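For reference, the structure discussed in these notes is given below.
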Amino acid sequence: MVLTVSASVPQIRWSLLLAAALLSLPACAPKPLSSELSTPVLAVEQGLGKEAGKVYFTPAALSALPGSAEEKAQRAAAYSAVLHNPKAWRALYRQERFDTVLLTGDPAAFRPLLDHLRESSDWTLTYVDATSIIFRRTSGATPWTRVALDPLLKRFSELPQREQLLFRTQTVYRLTALHRLEEAKALLDETLRLDPDFPPALTELASWHAMQAQWEPALEAATRAVKGDRDYLPAVAAEANALFAHGRFQEALARTRRLVREEPENSASLYLHAKVTHAARAFQEEIEVLEKIIAIAEAQEMPTGTWRVYLGQAYGATGNGEPAIAEFKLALEDRTLSEAERKFATRAIERIKDREPIL
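Quick note: the sequence shown uses our numbering, first residue 10, plus one each step.
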């Protein structure tokens with residue numbers, strides 16, 4: 010049975026996707042990097058302080074925190090279990106009563122929690138650097154401002170220029186993830202004045218433009234970044250995202266295929282590939298990547314309903330009615346599914362049973 014699948018399916022909520030801003034240390038970075046750039050020592054030293062109280066932390070901060078290895082490992086296991094689920098995190102908070110939240114590592118790894126804290130009136134951003142973000146309970150907390158970066162920039166001015174550039178660029182990435190776009194752009198402009206062709210900075214410039222749907226300059230910056238370092242995968246992701254926005258789906262697909270080939274476990278790459286395969290009507294590839302995304306989401310106890318709507322649609326596009334119906338039914342069991350998605354899935358099941366096109 011062949012099913013016609015319309016592009017009118019409700020827009021998927023790419024809540025974890027910031028592929029255009031995906032930034033990690035490039036493979037060509039000098040090793041060893043300074044501890045200030047490779048570990049959260051500055052955040053622990055300057056951002057926490059004696060008044061930190063009880064600290065919730067992400068796994069990447071484990072080695073830099075005081076305390077016994079056994080105690081920290083136990084806490085890290087409990088904390089990691091709620092990292093991707095703000096509702097579960099709030100339940101843990103009610104038990105633990107954290108005073109401070111230390112988010113170290115790639116923001117893409119803790120996007121739901123970051124967005125929850127960023128939007129909450131109960132928590133205040135108090136510190137940002139190249140490795141970490143710190144929130145404190147709002148009562149008595151001093152909000153972070155751009156001037157707080159000046160002592161850190163001065164400290165890095167004594168290090169090799171590449172580490173100065175990396176510190177600035179990685180800080181820009183975190184400011185962008187925090188939606189502090191004005192501060193991010195100011196620091197990014199300073200960075201590009203130091204080196205106008207630095208691929209990680211150009212990638213962040215593409216991300217900055219992408220967050221405001223400025224797709225021409227986003228594509229220009231991403232393409233310059235790729236030309237500067239063809240092995241820098243965040244630049245490849247940024248270019249793919251911009252090409253997608255321009256409707257150049259086959260060109261975007263060539264780049265996302267490379268991303269998932271070279272970093273098959275990178276969630277942001279998988280999300281971007283799913284988005285692109287859907288638009289490019291590469292349905293078999295879309296099925297494969299969506300199945301992998303759903304498996305990851307289930308392992309992290311995250312909702313899968315929206316992904317299953319897309320998976321059901323992809324199965325329908327390949328003429329597989331029974332698995333399509335099965336995915337739509339599983340999607341309908343997800344309470345987080347939007348009303349538009351719920352209506353689409355319900356109607357799709359009816360039309361598959363009646364051998365009608367899914368419109």
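Note that beta-carbon positions come from the ideal geometry of N, C-alpha and C, so glycine has one too. Remember, it's a predicted structure, so these values are computed and weren't measured experimentally.
Could you pull the start and end residues of the alpha helix (DSSP H) that leucine 341 belongs to?
It spans 330-341 - the alpha helix (DSSP H) in which leucine 341 sits, taken as one unbroken run.
Cutoff 6 Å; reference histidine 282; Cβ partners in own chain excluding five residues on either side
Thr265, Val269 and Val298
Using 8 Å as the threshold, is the stretch 157-167 in touch with the stretch 116-128, meaning 3 or more CB pairs across them?
The way I'd put it, the stretch 157-167 doesn't touch the stretch 116-128; fewer than three beta-carbon pairs between them come closer than 8 Å.
Label alanine 231 either buried or exposed according to how many other C-beta atoms from any shown protein chain fall within 10 Å of its C-beta, with 16 as the threshold for buried.
buried
Own chain residues within Cβ distance below 7 Å of tryptophan 217, not counting five before or after:
Thr185, Leu190, Ala193, Lys194 and Leu197
Just mark glutamine 179 as buried or exposed, buried being the case when its beta carbon has 16 or more other beta carbons within 10 Å.
buried
Taking the continuous beta strand (DSSP E) assigned at threonine 135, which residues delimit it?
132-137
Is DSSP giving threonine 232 helix, strand or coil here?
helix
At the level of alpha carbons, what is the spacing between leucine 341 and tyrosine 88?
Rounded to whole angstroms, leucine 341 to tyrosine 88 spans 30 Å at the Cα level.
Alpha carbon to alpha carbon, how far is arginine 317 from threonine 109? Give it in angstroms, no decimals.
36 Å
Taking the C-alpha atoms as reference points, what is the distance between glutamine 173 and phenylalanine 207?
12 Å
Could you give the residue range of the alpha helix (DSSP H) that holds threonine 327?
Note, threonine 327: premise wrong, no alpha helix (DSSP H); not H, not E.
Pairwise C-alpha distance: alanine 61 and threonine 313:
36 Å
Measuring only the C-alpha atoms, how far is leucine 134 from glutamine 104?
Note on geometry: alpha-carbon atoms of leucine 134 and glutamine 104 lie some 22 Å from one another.
In three-state terms, what does DSSP make of serine 43?
coil
List the whole-angstrom C-beta distance separating isoleucine 303 from leucine 279, where the pair is believed to meet the contact cut-off of C-beta under 8 Å.
Isoleucine 303 to leucine 279, Cβ: 10 Å. No contact.
Looking at the secondary structure, which residues open and close the beta strand (DSSP E) in which threonine 113 lies?
Per DSSP, the continuous beta strand (DSSP E) segment holding threonine 113 begins and ends at 109-113.
Top-ranked residue by Cα proximity to glutamate 336, from Ala349, Thr355 and Thr345:
Residue Thr355 is the option with its Cα nearest to glutamate 336.
Residues bridged to arginine 145 by DSSP?
Residue pairing from DSSP places arginine 145 in a beta bridge opposite Thr109 and Thr133.
Alpha-carbon to alpha-carbon, aspartate 204 and tyrosine 241:
17 Å
Please name the residue, chosen from Tyr319, Met220 and Leu74, that lies closest to arginine 351 on a Cα-to-Cα basis.
Tyr319
Output the distance between the C-alpha atoms of arginine 202 and isoleucine 143, rounded to the nearest integer angstrom.
Rounded to the nearest angstrom, the two C-alpha atoms are 28 Å apart.
As assigned by DSSP and simplified to three states, the class of phenylalanine 165
helix
If you draw a straight line from the C-alpha of serine 43 to the C-alpha of serine 347, how long is it?
Going by the C-alpha atoms only, they are around 46 Å apart.
DSSP puts tyrosine 65 in a beta bridge; with which residues?
Val110
Quick check: what's the CA-CA separation for glycine 330 versus isoleucine 296?
14 Å
Test item: CB-CB of phenylalanine 176 and alanine 234 under 7 Å
no
Check for me: the alpha helix (DSSP H) holding valine 156 runs from which residue to which?
Element bounds for valine 156: n/a, residue is neither H nor E.
Can you give me the Cβ contacts of leucine 211 inside the same chain, cut-off strictly under 8 Å, excluding the 5 residues immediately before and after it?
Leu201, Ala230, Ala231, Arg233, Ala234, Gly237 and Ala244
Glutamate 297: first and last residue of the uninterrupted alpha helix (DSSP H) it sits in:
292-308
Using the C-alpha atoms, what's the distance from arginine 344 back to serine 47?
Taking the straight line from one Cα to the other gives about 40 Å.
For tryptophan 224, which residues in the same chain have their Cβ closer than 7 Å to its Cβ, ignoring the five residues on either side in sequence?
Ala251, Ala254 and His255
In whole angstroms, give me the CA-to-CA distance for threonine 315 and alanine 308.
16 Å
Tell me the residue span of the alpha helix (DSSP H) that contains glutamine 173.
170-186
Expected contact under 8 Å - CB spacing of valine 64 and leucine 57 to nearest Å
Right, the Cβ-Cβ distance comes to about 7 Å (below 8 Å), so this counts as a contact.
Suppose contacts are defined by Cβ-Cβ distances below 7 Å. Is alanine 306 in contact with leucine 262 by that definition?
no
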